[in-house]
Amino acid sequence: MTTNVPVIDSHAAAPQAGRKNFLNCSQGFWSWAGTLDHKRIGIMYLVGVSIALLAGGLFALLVRLHLWKPEGVLFGNVEYNQIFTLHGAFMVFLFVIPAIPGSLGNIVLPLMLGAKDVALPRLNLLSFYLWVTGAVLATLAIVLGGFDTGWTFYAPYSLYTDQAVVTIGLAVFVLGFSSIFTGLNFIVTTHKLRAPGMTWFRMPLFVWAIYATSILQVLATPVLGITVLLVAFERLYHIGIFDPRLGGDPVLFEHFFWFYSHPAVYIMVLPAFGIISELVSVHSRKPLFGYKLIAFSSLAIAIISFLVWGHHMFTSGQSTYAMFAFSFLTFFVAIPTAIKEFSWVATVWKGSIALNSPMLYTLAFLVIFAIGGLTGVILGALNVDIHLHDTYFVVAHFHYVMMGSIALAFFAGLHHWWPKIFGVIYDETLAKIACGIIFVGFNATFIPQFIMGSRGMPRRYATYVPEYEPFHQASTVGAMVLGGGVALMVFYLVASLFQRKTAMQNQWGGVTLDWLSPTPPPLENFDEPPTVTTEVYDYSTLDYKTMQTPVA
Amino acid sequence: MSHDGHHSVVIPAPGPEFVPHTVAHHFDTPVQEFQAAKLGFWLFLATEILLFGGLFAAYFYFHEAYPETFRVGGHQLDWRLGALNTSVLLLSSWTMAMGVRSAQTSQKQKTLLFCGLTVLGAVIFMVIKFFEYQAKNEHGLVVFSELFAPYDAATGSIPWFKDYHGVMAGLPHGHLFFAIYLTMTAIHGLHVVIGAGLILWIMKGAAKGRFHAGYFLPVDLVGLYWHLVDLIWIFLFPLLYLVP
Ligand code: HEM
Ligand SMILES: [Cu+2]
Chain A
-16 MTTNVPVIDS HAAAPQAGRK NFLNCSQGFW SWAGTLDHKR IGIMYLVGVS IALLAGGLFA
44 LLVRLHLWKP EGVLFGNVEY NQIFTLHGAF MVFLFVIPAI PGSLGNIVLP LMLGAKDVAL
104 PRLNLLSFYL WVTGAVLATL AIVLGGFDTG WTFYAPYSLY TDQAVVTIGL AVFVLGFSSI
164 FTGLNFIVTT HKLRAPGMTW FRMPLFVWAI YATSILQVLA TPVLGITVLL VAFERLYHIG
224 IFDPRLGGDP VLFEHFFWFY SHPAVYIMVL PAFGIISELV SVHSRKPLFG YKLIAFSSLA
284 IAIISFLVWG HHMFTSGQST YAMFAFSFLT FFVAIPTAIK EFSWVATVWK GSIALNSPML
344 YTLAFLVIFA IGGLTGVILG ALNVDIHLHD TYFVVAHFHY VMMGSIALAF FAGLHHWWPK
404 IFGVIYDETL AKIACGIIFV GFNATFIPQF IMGSRGMPRR YATYVPEYEP FHQASTVGAM
464 VLGGGVALMV FYLVASLFQR KTAMQNQWGG VTLDWLSPTP PPLENFDEPP TVTTEVYDYS
524 TLDYKTMQTP VA
Chain B
16 MSHDGHHSVV IPAPGPEFVP HTVAHHFDTP VQEFQAAKLG FWLFLATEIL LFGGLFAAYF
76 YFHEAYPETF RVGGHQLDWR LGALNTSVLL LSSWTMAMGV RSAQTSQKQK TLLFCGLTVL
136 GAVIFMVIKF FEYQAKNEHG LVVFSELFAP YDAATGSIPW FKDYHGVMAG LPHGHLFFAI
196 YLTMTAIHGL HVVIGAGLIL WIMKGAAKGR FHAGYFLPVD LVGLYWHLVD LIWIFLFPLL
256 YLVP
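Just so you know, the protein sequences line up as chains A and B, in that order.
Our numbering puts the first residue of the first sequence at -16, with every later residue one more than the last.
Our numbering puts the first residue of the second sequence at 16, with every later residue one more than the last.
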């Protein structure tokens, strides 16, 4: 696709010049807005979640700027509460949860399975529009006066505050169903649309990860749905379930909420694990170390994560025995998680490592996730958490996993599949620089938060005592650097679409089916339905010519 | 949907009053299409059960916390109307099953008849429900006109809970039973209405001859949905009307 391609063409275009692909096979607004093609839906998700990420990032920068001085710089208390709630809610519900499954999952999963589409294309489009509806409702909630409950909507405050909680609750409910339908679709696709010869243990690990994620999405999200609905009802007609004035129990809300939201942290992180599994293998040109271990550890995580929600409630007054059990079980989650980390490192070890930009993002992930996961274990220890709960230490912990690991894995995957999706390659030098800036900026933002958190700085406060000022200022500077790095990344990625520097058929030398389809893929993904005859990640099958053939 | 250069699988119609079914382009066989949709729908039903699961959890929690409130509250419900509604739904599950069977055996008129009877069952259920709600309204246990009125923290009284006859007097948080009763039955009622709408949609397709021995997937799925709606009521009825 170096030049403009004639679009109006009769059937099956010649495979050489002007080959038809999913991007140029039809044009016009409705050919996108009404598309049933998983790749186009994936691109629409990509645009949507990227806007959510940038909006959420903007709110984050406002929070950090406000905290430059102990007495606060920009906002009053109520506005501050609204801004950090907006940041959290946008990031969690509109970006981190849908980002990888919705965009890369949608585009890559059917390709990897050798399918023509997801099993239920209409439902897929519905998922996307539910996401859009949720985004519109969330924005509406801002217009209607905002919301200041934090992304966790804890009762009883969420029942008493005079803000637009019902609207944002509705948004979360709708987004929940968007997520459920995506998960449901991927489960069915994985079961029913695998190409001939694609056995379960020949599936790439990205597919395994998305599959495990989908199970969590289907089993956990309905509980969140009913919980936010009950909060809305509670506000509308005072059921009394969560309201202590009416005989209700606010801790019941916390149980309901974390029964979803702890599994949800793995809904967020498992797809990221999947991306990293693919990338360490391709860019080290080595089969994955412990393929089955990684596959099963995803399932183990999916199961164990339903049993640990109480570690978010160590100070809520739940029974002491429950706390012991939850603390103990939390340590168990760390085992399958560590298995993955070790397997990735062992994959890179003695590999033929190519330090392409996707690999750089991957290596950054490996470092950051080790810290994020280990600090989780620290928090899982009951006696330690009593002190660290609701401090910046927790904030830093989950940003190491949610921003530093998940967002970075998303960036890594984006860089990896960008040439596949669009047939163009971005500026590698800028990409490497941006990755460096993001890595430095990220750590500069959150290391100070670990320190001040361990010294007692509570989270979600608009003002603070002066002794924390140096940490807050360091963190704010770091956030600016991080923001600059992300802006640079957005710039060169978007620019690459206009510069149209042609990518190779198989840019990095992958051997999974996604790299064996033409680049960019045709509407139905493969010219001939593929049959799988080799084991997964078998690099002896790599056809080096495809790495030097520019896309037609 | 036109997809260049690829041939779709078509299931022929068994007779002139039916229309053929074209298998969606991304499936290789009708069986694959059928199984995919079926698996997806079962997963969806699981999410519905989990959604109600949250409500059931709340029910048990508060039943445990305020047993006396739930005992007396339960006695305010008319178990005869509840039992009548249970029979109506059970019967409608049978007519739905017969509707699916008729579609599978290409009996168009029977499909329409049984689906129509099922919708009738849904209507009867909702009418009876209406009278139940009306009784609660009259006794001030759920005053619908006041349902969304603001709560007055100063007096601590809930505007929609007036309890004219003082049946819940002296019990802790008497409104709680009725709030849970209302929430659970209203969400269930919404499912009944949605189910009836889906069955009407099936009847429209059946009238056009879309469903026959070669293709009856949507009838099958809507049938499953209707059985789930029924099943949830089977749990609601004893919990709300009998257990207390
Ligand atoms: C891998 C992805 C992970 C994600 C996305 C994640 C996310 C989060 C989030 C969002 C919170 C904050 C909840 C709040 O608002 O208070 C949190 C807290 C916590 N996380 Fe993680 N976490 C991850 C991994 C882990 C691991 C591996 C462990 C332990 C083995 C862990 C243990 C904890 C604990 C105990 C807390 C509660 C701290 C407190 O509130 O006092 N997390 N995590
Ligand atoms: Cu957790």
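By construction, the Cβ of each residue, glycine as well, lies at the ideal position given by its N, Cα and C atoms.
All values reported here derive from a predicted model rather than from experimental measurement.
Judging by CA-CA distance, which residue of the options is the nearest neighbour of residue i?
| i | options | result |
| --- | --- | --- |
| residue 2(B) | 23(B), 149(B), 36(B) | Past the boundaries of the shown model lies residue 2(B); chain B is included only from 16 to 259, so the question cannot be answered. |
| residue 535(A) | 479(A), 405(A), 170(A) | 405(A) |
| residue 8(B) | 238(B), 30(B), 197(B) | Past the boundaries of the shown model lies residue 8(B); chain B is included only from 16 to 259, so the question cannot be answered. |
| residue 287(A) | 421(A), 317(A), 155(A), 306(A) | 317(A) |
| residue 561(A) | 410(A), 311(A), 494(A) | Since the first residue of chain A shown is -16 and the last is 535, residue 561(A) is not available in this structure. |
| residue 475(A) | 394(A), 504(A), 525(A), 463(A) | 394(A) |
| residue 188(A) | 450(A), 277(A), 140(A) | 277(A) |
| residue 538(A) | 388(A), 408(A), 113(A) | Only positions -16 to 535 of chain A appear in the structure, and residue 538(A) is not among them; the question remains open. |
| residue 314(A) | 444(A), 292(A), 302(A) | 292(A) |
| residue 329(A) | 409(A), 274(A), 478(A) | 274(A) |
| residue 68(B) | 120(A), 378(A), 26(A), 242(A) | 242(A) |
Contact criterion: CB-CB distance below 7 Å. Does residue i meet it with respect to chain A?
| i | result |
| --- | --- |
| residue 210(B) | no |
| residue 239(B) | no |
| residue 201(B) | no |
| residue 250(B) | no |
| residue 186(B) | no |
| residue 124(B) | no |
| residue 180(B) | no |
| residue 260(B) | Residue 260(B) cannot be examined here, being either before or after the span of chain B that is shown, 16 to 259. |
| residue 101(B) | no |
| residue 229(B) | no |
| residue 173(B) | yes |
| residue 166(B) | yes |
| residue 62(B) | yes |
| residue 91(B) | no |
| residue 108(B) | no |
| residue 41(B) | yes |
| residue 112(B) | no |
| residue 128(B) | no |
| residue 66(B) | yes |
| residue 83(B) | no |
| residue 169(B) | no |
| residue 137(B) | no |
According to the neighbour-count rule (16 or more other Cβ atoms, all chains shown, within 10 Å of its Cβ), is residue i buried or exposed?
| i | result |
| --- | --- |
| residue 95(B) | exposed |
| residue 281(A) | buried |
| residue 366(A) | exposed |
| residue 510(A) | exposed |
| residue 47(A) | buried |
| residue 243(B) | buried |
| residue 257(B) | exposed |
| residue 25(B) | exposed |
| residue 213(A) | buried |
| residue 60(A) | exposed |
| residue 484(A) | exposed |
| residue 253(B) | exposed |
Please confirm whether residue i has its beta-carbon closer than 7 Å to some beta-carbon of chain B.
| i | result |
| --- | --- |
| residue 535(A) | no |
| residue 208(A) | yes |
| residue 100(A) | yes |
| residue -2(A) | Reliability of the predicted coordinates at residue -2(A) is poor, the pLDDT of 42 falling under 50, and the value obtained from them is presented with this limitation in mind. So, not an interface residue. |
| residue 300(A) | no |
| residue 112(A) | no |
| residue 22(A) | no |
| residue 139(A) | no |
Residue i and residue j look like a contact to me (Cβ under 8 Å); what is the Cβ gap, rounded to whole Å?
| i | j | result |
| --- | --- | --- |
| residue 267(A) | residue 335(A) | 6 Å |
| residue 53(A) | residue 447(A) | 5 Å |
| residue 164(A) | residue 65(A) | Not quite, the Cβ-Cβ distance comes to about 30 Å (not below 8 Å), so this is no contact. |
Given that residue i touches chain C, what residues does it touch there, using C-beta distances under 9 Å?
| i | result |
| --- | --- |
| residue 190(B) | The structure shown contains no chain C; its protein chains are A and B. |
Q.
My parser needs the alpha helix (DSSP H) runs of 4 or more residues fully inside the stretch 431 to 485 of chain A; what are they?
A. Segments of the alpha helix (DSSP H) lying fully in the stretch 431 to 485 of chain A: 452 to 482.
Q: Would you list, in sequence order, the uninterrupted alpha helix (DSSP H) runs of no fewer than 4 residues that lie entirely inside the stretch 89 to 125 of chain A?
A: 89 to 96, all fully within the stretch 89 to 125 of chain A.
Q) What runs of the alpha helix (DSSP H), each 4 residues or longer, lie entirely inside the stretch 60 to 128 of chain B? A) If only complete runs of 4 or more residues are kept, the stretch 60 to 128 of chain B shows the alpha helix (DSSP H) at 82 to 90, 94 to 119, in order along the chain.
**Q.** Whole runs of the alpha helix (DSSP H) within the stretch 226 to 296 of chain A, excluding any shorter than 4 residues
**A.** Counting only runs of 4 or more, we get 233 to 267, 274 to 287.
Q.
Could you tell me which whole beta strand (DSSP E) segments of length 3 or greater appear in the stretch 179 to 226 of chain B?
A. Listed in chain order, there is nothing to give.
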